[in-house]
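What follows is a set of notes on a single structure, which appears directly below.
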Amino acid sequence: MGRITLDKITKKFGDVEVIPPLDLTINDGEFVVFVGPSGCGKSTLLRLIAGLEDVSGGEIRIDGSDATMVPPAKRGLAMVFQSYALYPHMTVRKNIAFPLRMAGMDPAEQDRRITAAADVLNLTDYLDRRPGQLSGGQRQRVAIGRAIVREPAAFLFDEPLSNLDAALRVGMRLEISELHKRLKTTMIYVTHDQVEAMTMADKIVVLRAGHIEQVGSPLELYRAPRNLFVAGFIGSPK
Ligand code: ADP
Ligand code: MG
Numbered sequence: 065m066g067r068i069t070l071d072k073i074t075k076k077f078g079d080v081e082v083i084p085p086l087d088l089t090i091n092d093g094e095f096v097v098f099v100g101p102s103g104c105g106k107s108t109l110l111r112l113i114a115g116l117e118d119v120s121g122g123e124i125r126i127d128g129s130d131a132t133m134v135p136p137a138k139r140g141l142a143m144v145f146q147s148y149a150l151y152p153h154m155t156v157r158k159n160i161a162f163p164l165r166m167a168g169m170d171p172a173e174q175d176r177r178i179t180a181a182a183d184v185l186n187l188t189d190y191l192d193r194r195p196g197q198l199s200g201g202q203r204q205r206v207a208i209g210r211a212i213v214r215e216p217a218a219f220l221f222d223e224p225l226s227n228l229d230a231a232l233r234v235g236m237r238l239e240i241s242e243l244h245k246r247l248k249t250t251m252i253y254v255t256h257d258q259v260e261a262m263t264m265a266d267k268i269v270v271l272r273a274g275h276i277e278q279v280g281s282p283l284e285l286y287r288a289p290r291n292l293f294v295a296g297f298i299g300s301p302k
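For what it's worth, this note's numbering labels the leading residue of the sequence shown as 65, then goes sequentially.
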């Protein structure tokens with residue numbers, strides 16, 4: 065579970081083609097980072113995979129089935145938003161349970177999933193607090209918890225750490241990498257930060273003006289960048 069295939073997908077906004085035909089395979093359990101400068105199409109590509117935007121052409125397959133026309137809630141993927149998307153008036157428990165309540169899930173099953181997610185994220189002692197009573201790192205973990213309880217085939221992150229301070233960002237990067245090791249679920253992580261890409265990814269997808277310049281492991285991109293853009297963008301390894 066968690067294999068995603070993009071087959072010649074395109075995206076136009078009006079007459080402007082921001083994603084020209086693009087092919088990409090994301091394997092089950094991979095940590096894939098989309099990296100590239102601001103405006104290169106990272107968020108658009110992630111939103112196409114999530115179903116938050118419709119493709120203008122091409123096909124998206126998730127675990128072998130055509131998901132191109134499937135609505136976001138039925139794709140089995142979970143988007144992790146920045147922590148400011150939490151509901152300030154709800155407890156941590158209610159924030160994490162929110163997607164499950166919306167889906168009308170049986171309360172006992174909700175409790176089982178919340179307990180498991182809180183355990184993995186070290187939030188067990190904070191379930192009855194409100195977001196305002198938590199640190200920035202704990203708030204970001206609550207936002208991740210809200211995705212974990214859905215038990216998705218893949219997690220999608222769009223620059224989740226960009227509103228955290230530098231020290232906290234380093235800690236959260238490690239936490240997300242650890243989480244990936246524990247859950248072994250596919251993760252797609254969007255960033256414009258080369259260091260995040262180089263330290264977190266199994267596979268880096270370098271984007272420029274909506275197309276893929278190069279795909280490879282951090283070491284492959286470092287050792288054999290295909291062109292000056294990739295070399296300049298990737299910089300040095302960890
Ligand atoms: P990134 O996340 O890499 O910074 P985006 O995916 O947000 O880039 O944007 C890629 C391009 O698509 C940009 O030129 C942006 O202006 C354009 N774009 C994104 N969303 C829309 C939209 N809803 N309508 C029109 N243009 C858009
Ligand atoms: Mg973006």
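Glycine included, each C-beta is placed from N, C-alpha and C at the ideal position.
Self-check item: Reference L283; option with closest CA among R237, E81, A295
Solution: Position 219 of the sequence shown holds residue 283. The residue with the shortest Cα to Cα distance from L283 is A295.
Quiz prompt | Cβ contact (3+ pairs, closer than 8 Å) linking the region 124-133 and the region 169-179 | solution = The count of Cβ pairs closer than 8 Å, one atom from the region 124-133 and one from the region 169-179, stays below three, leaving the stretches out of contact.
Quiz item: When a residue counts only if its C-beta is closer than 5 Å to some heavy atom of the ligand ADP, which residues count, in chain order?
Solution: The set of residues with a C-beta under 5 Å from any non-hydrogen atom of the ligand ADP comprises F77, V82, S102, G103, C104, G105, K106, S107, T108, given in chain order.
Quiz item: Within 7 Å: the Cβ of E223 and any heavy atom of the ligand MG?
Solution: Counting from 1 along the sequence shown, the entry for residue 223 is found at position 159. Yes, the ligand MG has a heavy atom inside 7 Å of this Cβ.
Quiz item: Shortest alpha-carbon distance to D257 belongs to which of E242, L198, N227?
Solution: As a working mapping, residue 257 is identified with position 193 in the sequence shown. Looking at the Cα atoms, N227 is the closest of the given residues.
Practice problem: Can you tell me which of the three DSSP states T108 falls into? | Solution: The residue you call residue 108 lines up with position 44 of the sequence shown. It is helical.
Exercise. Would you grab the beta carbon distance between K245 and G93 for me? Rounded to a whole angstrom, and I think it's under 8 Å.
Key: Locating residue 245 in the sequence shown gives position 181, where the first residue counts as 1. Locating residue 93 in the sequence shown gives position 29, where the first residue counts as 1. Going by Cβ atoms, the distance from K245 to G93 rounds to 10 Å, so no, they are not a contact pair.
Quiz item: Looking only at its own chain, which residues have a Cβ that is under 6 Å from the Cβ of I208, when we skip the five neighbours before and after it?
Solution: Here residue 208 corresponds to residue number 144 of the sequence shown, with the count starting at 1. Excluding residues within five positions, the ones whose Cβ falls inside 6 Å are V144.
Quiz item: Given 8 Å as the limit, is there contact between the region 161-171 and the region 232-243, that is, 3 or more CB pairs closer than that?
Solution: no
Exercise. Spell out a yes or no on whether the region 79-95 and the region 266-281 are touching, meaning 3 or more CB-CB pairs, one atom from each, closer than 8 Å.
Key: yes
Quiz prompt | Whole runs of the alpha helix (DSSP H) within the region 176-229, excluding any shorter than 4 residues | solution = Segments of the alpha helix (DSSP H) lying fully in the region 176-229: 200-212.
Quiz item: By DSSP, does P282 sit in helix, in strand, or in coil?
Solution: If you number the sequence shown from 1, residue 282 lands on position 218. Helix, per DSSP.
Quiz item: Touching or not, the region 185-198 and the region 131-140, by the rule of three or more beta carbon pairs under 8 Å?
Solution: no
Self-check item: Which listed residue (E215, S129, T108, V119) has its alpha carbon closest to that of M251
Solution: As a working note, residue 251 is residue 187 in the sequence shown. Taking only the C-alpha atoms, the option nearest M251 is E215.
Quiz prompt | 3 or more residues per run - each beta strand (DSSP E) lying fully within the region 233-291 | solution = 250-255, 267-272, 275-280
Practice problem: For P84, name the three-state secondary structure that DSSP assigns. | Solution: In the sequence shown, counting from the first residue as 1, residue 84 sits at position 20. Strand.
Quiz item: To the nearest angstrom, how far is it from the Cα of Q202 to the Cα of D183?
Solution: Position 138 of the sequence shown, counted from the first residue, corresponds to residue 202. Position 119 of the sequence shown, counted from the first residue, corresponds to residue 183. Taking the straight line from one Cα to the other gives about 13 Å.
Quiz item: Given F221, which residues of its chain have a CB within under 6 Å of its CB, disregarding the five upstream and five downstream residues?
Solution: As a first step, residue 221 is located in the sequence shown; it is residue number 157 there, counting from the start. Only V144, Y253 meet the Cβ criterion.
Practice problem: Look up V119 in the DSSP assignment and say whether it is helix, strand or coil. | Solution: Mapped onto the sequence shown, residue 119 falls at position 55. Coil at V119, not helix or strand.
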